[in-house]
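Under UniProt numbering, the first residue of the sequence shown is numbered 1, with each subsequent residue one higher.
Where a beta carbon is used, it is the ideal one built from N, C-alpha and C, also for glycine.
Structure record follows, encoded as structure tokens.
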Amino acid sequence: MSKKIIYLLGTIAVAVFFLAPALYSYTGMTHIYEDAFPTKERPASVFPHDEHTDVYAQEYDLDELKDCYHCHHFDGPDQEHTDDSVGIPCSDCHPVETDDPDTTPLMQAYHIQCKSCHQDEKAGPVACGECHVR
């Protein structure tokens with residue numbers, strides 16, 4: 001083989017080696033992270049958002065919008081579920097600390113949302129280290 005072909009094949013092999021992980025990475029991963037927490041005992045959890053929406057939509061035969069409401073609730077005294085509620089940060093309604101008995105603090109809201117579903121469905125992690133991997 002000529003040196004040009006060997007060089008070209010070597011360059012392609014190196015490019016594939018470095019680009020393959022990026023091409024096959026899971027883009028639906030979301031880090032549950034809030035700047036609102038000044039100190040953290042554990043790292044942020046990694047949440048496979050697309051996996052959850054796909055499973056939930058298939059299991060309950062829901063369209064995409066209704067699928068979002070399972071987790072992205074938007075309910076309060078004068079509020080209704082709307083497509084505008086998806087994307088609103090949890091911290092907009094759930095403060096880090098609150099004296100209001102009708103308002104769930106932010107960290108508790110996250111944990112209730114995830115753990116209660118995992119326990120009800122008997123699927124998914126419920127222990128701290130299973131979500132917050134060090």
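When 97, 129, 123 are compared, the shortest CA-CA separation from residue 56 is found for 123. When only Cα atoms are considered, residue 49 and residue 114 end up about 12 angstroms apart. In the three-state scheme derived from DSSP, where H, G and I count as helix and E and B as strand, residue 16 is classed as helix. Under the three-state reduction of DSSP, residue 116 is assigned to helix. Counting only residues of its own chain and dropping the five nearest sequence neighbours on each side, residue 128 has a CB closer than 7 angstroms to the CB of 42. Between the beta-carbon of residue 94 and that of residue 106 there is about 4 angstroms, and that keeps the pair under the 8 angstroms contact cut.
Boundaries of the alpha helix (DSSP H) harbouring residue 55: 49 to 60, taken from the DSSP string.
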